Amino acid sequence: MSAAADRRAHWRDLVARRLPEAARPGWPVHLDHCFARILLDNACGGPWRDSVKPPAHATMSADGLEHAIALGEAVLAGTADLALLNRQSLAWRGKIATAPVPDGLRDGDLLLRRWRPADTAPFAALNADPAVMEFFPRLRTEPESAAEAGSYDRRFVADGFGPWALEWDSRFVGFVGAFRIMRAMPFPGGERIGATVEIGWRLARDAWGQGLATRAARLTLADLAGRCGIRSVVAYAASGNRRSQAVMERLGMVQAETFAHPAVPEGPLRSHVLYRLEPAEISA
Ligand SMILES: CC(C)(COP(=O)(O)OP(=O)(O)OC[C@H]1O[C@@H](n2cnc3c(N)ncnc32)[C@H](O)[C@@H]1OP(=O)(O)O)[C@@H](O)C(=O)NCCC(=O)NCCS
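Numbering (my numbering), first residue to last: 197 to 480.
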């Protein structure tokens with residue numbers, strides 16, 4: 197059996213036998229197709245049929261299938277909350293009511309707002325700029341950027357918060373916002389999928405050097421704390437990405453440790469620095 201066929205067989209056994217057999221009375225679902233829906237939606241960051249043709253195990257990318265398998269294994273191991281994963285899936289499908297999200301947050305010439313289709317072109321341009329992507333494993337294509345923007349906006353539907361599209365003087369210049377980390381990460385607390393919230397940013401090159409990321413991140417943190425009750429967040433960057441670490445330091449975050457990012461291939465970009473913001477440290 198090829199390695200890919202082996203992983204597909206692993207997936208089928210996971211959703212058709214191992215998860216249903218392990219299902220406990222408190223679990224929100226017990227049937228194979230419900231487990232498949234939840235894991236695939238969370239691996240795709242939205243209803244899986246929007247981005248993958250059925251049957252998903254045969255057509256989705258190897259990375260996507262591995263993500264779905266990892267989520268299922270984490271449910272079995274007790275390190276992923278099946279109720280949270282199910283809520284996210286049902287919210288994306290419009291099957292449960294979710295709390296209203298403000299259209300935007302404003303600070304003078306800065307506007308943090310939900311994503312629009314017109315953001316795709318400028319977002320793709322910055323994702324294709326080698327200066328912006330210096331610390332990422334590779335540049336992104338336009339379809340990848342469109343998918344990334346869509347998955348960011350769906351975070352608001354699932355969680356009530358997410359990475360906001362950032363407008364400066366009425367021009368889209370990137371994003372700043374918070375994400376629930378939906379992969380196991382090798383730092384304390386990171387093993388519990390979905391339990392840690394990360395704050396992140398990516399701006400077009402001509403918007404650097406003016407304090408925009410720091411101002412936008414402060415708005416995000418105030419909204420997270422005030423509206424969502426989330427006060428503990430982490431941020432991380434490749435060890436060489438001093439500009440990003442400087443934003444974390446301006447926000448009053450404290451460097452905690454270094455770790456090897458599991459989604460980054462072996463090489464100089466793999467080593468990451470983790471910063472934490474705990475409630476007592478939020479700077480005004
Ligand atoms: C990381 C990134 C968002 C940082 O942007 P930035 O503009 O350097 O960060 P800030 O918004 O905090 O701005 C700080 C700079 O603005 C200057 N500045 C000007 N006015 C300012 C103000 N009112 N307040 C704060 N800083 C101000 C600061 O002096 C500093 O300039 P310097 O770097 O020359 O010292 C940006 O470099 C980026 O998008 N990088 C590519 C993507 C990326 O790596 N993302 C992070 C992945 S982990």
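Beta carbons: idealized from backbone N, C-alpha and C, even for Gly.
Owing to the predicted nature of the structure, the values given are computational and were not obtained by experimental measurement.
Put simply, the segment 309-323 does not touch the segment 260-274. Fewer than three CB pairs are less than 8 angstroms apart.
Within 7 angstroms of the C-beta of Ala212 there is not a single heavy atom belonging to ligand 1.
By the beta-carbon neighbour count (other beta carbons within 10 angstroms, threshold 16), Ser285 is buried. Straight across, the Cα-Cα distance linking Pro461 with Arg312 is about 32 angstroms. Look at Gly396 here: in three-state DSSP terms it is strand. Taken in chain order, the complete alpha helix (DSSP H) segments of 4 residues or longer contained in the segment 243-295 are 252-255, 258-273 and 278-288. Where Thr454 is concerned, there is no enclosing alpha helix (DSSP H), although the beta strand (DSSP E) around it starts and stops at Val450 to Ala456. When Ile234, Thr294, Val469 and Gly290 are compared, the shortest CA-CA separation from Ala279 is found for Ile234. Shown here for Leu215: same chain residues with a beta carbon closer than 8 angstroms to its own, the five before and five after excluded, namely Asp228, Phe231, Gly268, Val271 and Leu272 in chain order. The three-state secondary structure of Gly425, taken from DSSP, is coil.
Proximity to Asp209 across Glu338, Phe319, Ala418 and Ala264 peaks at Ala264, based on C-alpha coordinates.
Counting only residues of its own chain and dropping the five nearest sequence neighbours on each side, Thr454 has a CB closer than 8 angstroms to the CB of Ser435, Ser467, His468, Val469 and Leu470. Each residue's CA atom was taken as its position, placing Arg350 and Ile377 some 14 angstroms apart. For Leu210, the secondary structure class from DSSP, reduced to helix, strand or coil, is helix. Looking only at Ala200, Phe357 and Ala456, the smallest Cα-Cα distance to Arg310 is reached by Phe357. Judged by DSSP secondary structure, Ala342 falls within the alpha helix (DSSP H) whose first and last residues are Glu338 to Asp355. For the 8 angstroms CB-CB criterion, Val429 and Glu394 form a contact. Judged by the Cβ position, Ala409 qualifies as a neighbour of ligand 1 at the 7 angstroms threshold, a heavy atom of the ligand being closer than this. When rounded, the separation of the alpha-carbon atoms in Leu447 and Ala400 is 20 angstroms. Under the DSSP assignment, Ser440 falls in the alpha helix (DSSP H) whose first and last residues are Arg438 to Arg446.
Burial of Pro359 is indicated by the presence of at least 16 other C-beta atoms within 10 angstroms of its C-beta.
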